[in-house]
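Working notes, beginning with the structure itself.
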Amino acid sequence: MPKFPSEEWARQYVEKLNSSEAYRDSGKKWEGDITFVIQKDEGNPTDSFLYLDLYHGECRKYLYSANPDDVPKSEFRYIGKYSNWIKLIHSEIDPIKGVLTGKFKLEGSMMKIMRFSKAAKDMVNTATMVPFEG
Amino acid sequence: MWYFRSPQIVYGPDSLSFLQTIGISRAAIITDSTLAASGIVQKVIQSLPENASSKVFSGFSPEPDFLQIKSNLEGVNAFRPDWIIGVGGGSSMDAAKIIFAMYEKPDLQVYDITPLSPLGLRKKSRLIAVPTTSGTGSECSWAAVISEREEKRKNELASPEILPDYAILDPEMVINLPRQQTVSTSVDAITHAIESYTSSWNNPYSDALSEKALELILGSLVQVVEGNGDIESRDRVHIGASMAGLSFSNSQIGMAHALGHAFGAIFKKPHGTSVGLFLPEVVALNSRASRERYDRLNRIFPDSFREGNLQSSLKKLFARIGQPLTVKEAGIGRKEMESNRDALVSLAMESTGMLTNPYEAGTDEVRETLERCYGY
Numbered sequence: 011m012p013k014f015p016s017e018e019w020a021r022q023y024v025e026k027l028n029s030s031e032a033y034r035d036s037g038k039k040w041e042g043d044i045t046f047v048i049q050k051d052e053g054n055p056t057d058s059f060l061y062l063d064l065y066h067g068e069c070r071k072y073l074y075s076a077n078p079d080d081v082p083k084s085e086f087r088y089i090g091k092y093s094n095w096i097k098l099i100h101s102e103i104d105p106i107k108g109v110l111t112g113k114f115k116l117e118g119s120m121m122k123i124m125r126f127s128k129a130a131k132d133m134v135n136t137a138t139m140v141p142f143e144g
Numbered sequence: 380m381w382y383f384r385s386p387q388i389v390y391g392p393d394s395l396s397f398l399q400t401i402g403i404s405r406a407a408i409i410t411d412s413t414l415a416a417s418g419i420v421q422k423v424i425q426s427l428p429e430n431a432s433s434k435v436f437s438g439f440s441p442e443p444d445f446l447q448i449k450s451n452l453e454g455v456n457a458f459r460p461d462w463i464i465g466v467g468g469g470s471s472m473d474a475a476k477i478i479f480a481m482y483e484k485p486d487l488q489v490y491d492i493t494p495l496s497p498l499g500l501r502k503k504s505r506l507i508a509v510p511t512t513s514g515t516g517s518e519c520s521w522a523a524v525i526s527e528r529e530e531k532r533k534n535e536l537a538s539p540e541i542l543p544d545y546a547i548l549d550p551e552m553v554i555n556l557p558r559q560q561t562v563s564t565s566v567d568a569i570t571h572a573i574e575s576y577t578s579s580w581n582n583p584y585s586d587a588l589s590e591k592a593l594e595l596i597l598g599s600l601v602q603v604v605e606g607n608g609d610i611e612s613r614d615r616v617h618i619g620a621s622m623a624g625l626s627f628s629n630s631q632i633g634m635a636h637a638l639g640h641a642f643g644a645i646f647k648k649p650h651g652t653s654v655g656l657f658l659p660e661v662v663a664l665n666s667r668a669s670r671e672r673y674d675r676l677n678r679i680f681p682d683s684f685r686e687g688n689l690q691s692s693l694k695k696l697f698a699r700i701g702q703p704l705t706v707k708e709a710g711i712g713r714k715e716m717e718s719n720r721d722a723l724v725s726l727a728m729e730s731t732g733m734l735t736n737p738y739e740a741g742t743d744e745v746r747e748t749l750e751r752c753y754g755y
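Have a look at this one:
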C-alpha cells in the first residue's frame with residue numbers, strides 16, 4: 011500500500027479518478043486545474059502538493075511534489091493539514107463541511123466551484139477508495 | 380463538528396409589535412410592488428417605533444435578478460439604514476439578504492456570497508425577515524436565490540452571515556394568502572421538511588424540526604387551503620413552514636429542489652409548485668438509500684392521507700390540495716418540455732441540492748426521474 015501523501019498514492023488516485031464513472035459524469039463540463047495542498051503537522055513533517063489538470067471529467071496530467079515551486083499555479087487550491095486530509099479520505103470529514111468548519115480552505119472562484127460541487131464530492135469520494143498507509 | 384444556526388424567532392399573533400422594542404432608527408423595507416401597494420407593508424411600517432424613519436424599496440419582480448438588486452441598492456446606500464427588513468415571500472426576503480450583504484460590503488460581488496469564505500457583515504446594519512407566505516423558510520435560512528434571466532438559471536447563494544437576525548412570524552401577515560399561493564408555498568415547506576430529513580447532512584436538530592414541521596403543516600393544511608382555517612390553523616402552518624426552513628437551512632436540500640430550481644428557471648413556474656412536482660418521484664428514487672427515514676415521515680401523515688409509502692401519501696395529499704403531479708398538469712406541453720429537457724437536467728446536476736441528496740444519482744437517473752414526471 012502506498013503512503014499518503016506520496017507519488018505512488020497520487021498515481022493510484024488519478025488512475026481511480028480516470029476510471030470513475032461518477033466523476034466522468036459530474037465533471038464532464040469542468041475545465042480547470044486544482045492543487046491539493048497537504049500541510050505539515052505532527053503526523054507528517056513536510057508540506058506536499060498534488061497538482062491535477064482536470065478537463066471534461068478526466069485528469070489529463072498530475073504532478074506530486076513536496077516543493078511548491080515544482081507545481082504549476084492552479085485555478086483552485088484546496089488546503090488542509092495532513093491530519094484533516096487523513097480524516098477526509100477516511101470519510102470522517104465532508105469536503106464542503108470541512109471548508110465551512112475551517113478544517114480546509116478553498117481558494118479560487120467560489121461561483122465556479124459551487125456549480126461543480128457534485129464533481130468535487132466525487133473527487134473526494136474517489137480519494138477514499140485508494141488504500142494507503144497513514 | 381457542525382453547527383445549528385437560527386435567527387431569533389418572534390412568533391404568534393401581534394409579533395410585529397416586537398419591532399418597537401429593538402431601537403430601529405432607519406428601516407429599509409425590501410418588498411415587491413404588489414405587497415408595497417397592499418396594506419401588508421403598511422402594517423410593518425405602523426409597527427416601527429414612532430421616531431423611526433423608513434423607506435420602501437419595491438422594485439423587485441417575483442424572481443429578482445442581479446440588475447434589480449443593483450438598481451435598488453443605490454437607493455438603500457443613500458438612505459443609510461440601520462435595519463434592513465425583508466417583507467414578503469421568498470423572493471423579497473432573499474432580495475433583502477443580498478441587499479444587506481452588498482450594502483454592508485459595497486466591494487462585494489454578488490457571487491462571492493458563498494459559505495466557503497467569510498464576508499464580514501453587520502458593521503452598519505442588521506437584518507429582519509417578515510414572511511407573508513408560509514413555506515419558503517427564507518426567514519430562517521442562510522440561502523438566497525437570484526435569477527439569471529439570459530441563462531435561465533437560478534443561482535443558489537449562501538452564507539451563514541446572511542441569516543436574518545430576527546424572523547417575525549405573525550399569522551396576521553398570512554391570514555388572507557390566496558389559495559394558490561397557500562398551496563404552492565406549503566408544498567415547498569413539505570419538500571423542505573422531507574428533503575432535509577433525508578439529506579446526507581441530516582442531524583438531530585434538523586430531524587426534530589422536520590418531524591414537528593410536518594406534524595404542524597399536515598394537521599392544518601387542508602383546513603387552511605379549503606378556506607375553513609382560522610388564525611390558529613394559519614399560525615400552525617406558518618410555524619411549521621418556518622421549522623421546515625430551519626431544518627433545511629441546517630442540513631440542506633435534495634434532488635427535488637435541484638430539479639425544481641431548474642424547472643422553475645426555465646418555465647417560470649412558482650418555486651413550491653416546481654419542487655413539489657418532482658418530490659414524489661424523487662422520494663421513489665431515493666428510497667433505495669432512505670427507505671427507513673421515509674417510512675418514519677410517512678407515519679406522521681394523518682390517517683386520511685397515509686398510504687403504504689411516502690410517495691403514495693404525498694400524491695394523495697397533493698391531489699387533494701391541487702398541487703400538480705405531472706409536468707403536463709403544470710401546463711407544460713410535451714414539445715416544450717422535450718426541447719428543454721437536456722438543459723433542465725444539466726442545470727439540476729449543477730445544483731447544490733445534488734450534493735446532499737441521499738442517493739447519488741448520475742445524469743441518466745436525473746433524466747429518467749424527470750421523464751417519470753411528464754404525465755403525457
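Sequences listed follow chains A and B, in order. In the numbering used here, each residue's number is its place in the first sequence (first place is 1) plus 10. In the numbering used here, each residue's number is its place in the second sequence (first place is 1) plus 379. For every residue, glycine included, the Cβ atom is placed at its ideal position computed from N, Cα and C.
Asked: Buried or exposed (CB count within 10 angstroms, at least 16 for buried), residue 104 of chain A; Found: buried
Asked: Contiguous beta strand (DSSP E) assignments of at least 3 residues, all confined to the stretch 542-608 of chain B; Found: 545-548
Asked: Own chain residues within Cβ distance below 7 angstroms of residue 716 of chain B, not counting five before or after; Found: 706, 753
Asked: Under 9 angstroms from the C-beta of residue 109 of chain A: neighbouring residues of chain B; Found: 494, 495, 496
Asked: Environment of residue 100 of chain A [buried if 16+ CB atoms lie within 10 Å]; Found: exposed
Asked: Limits of the unbroken beta strand (DSSP E) element including residue 508 of chain B; Found: 505-510
Asked: Listed by chain order, chain B residues near residue 48 of chain A by CB distance under 9 angstroms; Found: Near residue 48 of chain A there are no residues of chain B at all, since even the closest Cβ is about 19 angstroms away, more than 9 angstroms.
Asked: Environment of residue 66 of chain A [buried if 16+ CB atoms lie within 10 Å]; Found: exposed
Asked: Contact list for the stretch 436-462 of chain B against chain A, Cβ threshold 9 angstroms; Found: none
Asked: Within-8 angstroms CB hit, residue 729 of chain B to chain A; Found: yes
Asked: Residues in the stretch 89-102 of chain A having any Cβ partner in chain B nearer than 7 angstroms; Found: none
Asked: Extent of the continuous beta strand (DSSP E) run through residue 138 of chain A; Found: Careful: residue 138 of chain A lies outside any beta strand (DSSP E) and carries neither H nor E.
Asked: Residues, ordered as in the chain, of the stretch 481-492 of chain B that lie near chain A by beta-carbon distance below 7 angstroms; Found: 490, 491
Asked: Residue 386 of chain B vs residue 544 of chain B beta-carbon contact at 8 angstroms; Found: yes
Asked: Own chain, CB closer than 6 angstroms to residue 623 of chain B, minus 5 neighbours either side, in chain order; Found: 516, 568, 571, 572, 592
Asked: Alpha-carbon to alpha-carbon, residue 604 of chain B and residue 588 of chain B; Found: 23 angstroms
Asked: Residue closest to residue 630 of chain B, alpha-carbon to alpha-carbon, out of B:664, B:490, B:562, B:731; Found: B:731
Asked: Through-space distance from residue 476 of chain B to residue 88 of chain A, alpha-carbon basis; Found: 28 angstroms
Asked: Any C-beta of chain B under 8 angstroms from that of residue 127 of chain A; Found: yes
Asked: Residue 741 of chain B: contacting residues in chain A (beta-carbon distance under 7 angstroms); Found: 32, 35
Asked: Residue range of the unbroken alpha helix (DSSP H) whose run includes residue 679 of chain B; Found: Residue 679 of chain B -> no alpha helix (DSSP H), and no H or E assigned at all.
Asked: Cα-Cα separation between residue 502 of chain B and residue 400 of chain B, rounded to whole angstroms; Found: 21 angstroms
Asked: Residue span of the alpha helix (DSSP H) that contains residue 413 of chain B, given as start and end; Found: 412-415
Asked: Contact the stretch 397-412 of chain B vs the stretch 447-458 of chain B: 3+ CB pairs below 8 angstroms; Found: yes
Asked: Cβ-Cβ separation, residue 618 of chain B to residue 696 of chain B (assumed contact under 8 angstroms), whole Å; Found: Residue 696 of chain B to residue 618 of chain B, Cβ: 19 angstroms. No contact.
Asked: DSSP three-state assignment for residue 479 of chain B, whether helix, strand or coil; Found: helix
Asked: Residue 381 of chain B at chain A interface by Cβ criterion, 8 angstroms; Found: yes
Asked: Run of the beta strand (DSSP E) containing residue 534 of chain B, from where it starts to where it stops; Found: 532-537
Asked: Residue from B:418, B:660, B:424, B:471 whose Cα sits closest to the Cα of residue 437 of chain B; Found: B:471
Asked: Segments of 4+ residues assigned as alpha helix (DSSP H) that fall wholly inside the stretch 681-720 of chain B; Found: 689-700
Asked: Interface residues of the stretch 12-26 of chain A facing chain B [CB-CB below 8 angstroms]; Found: none
Asked: Proximity below 8 angstroms, CB of residue 102 of chain A to CB of residue 13 of chain A; Found: no
Asked: Residues bridged to residue 462 of chain B (per DSSP); Found: B:406, B:505
Asked: C-alpha gap between residue 115 of chain A and residue 90 of chain A, whole angstroms; Found: 6 angstroms
Asked: Terminal residues of the alpha helix (DSSP H) in which residue 23 of chain A lies; Found: 17-28
Asked: Under 7 angstroms from the C-beta of residue 116 of chain A: neighbouring residues of chain B; Found: 495
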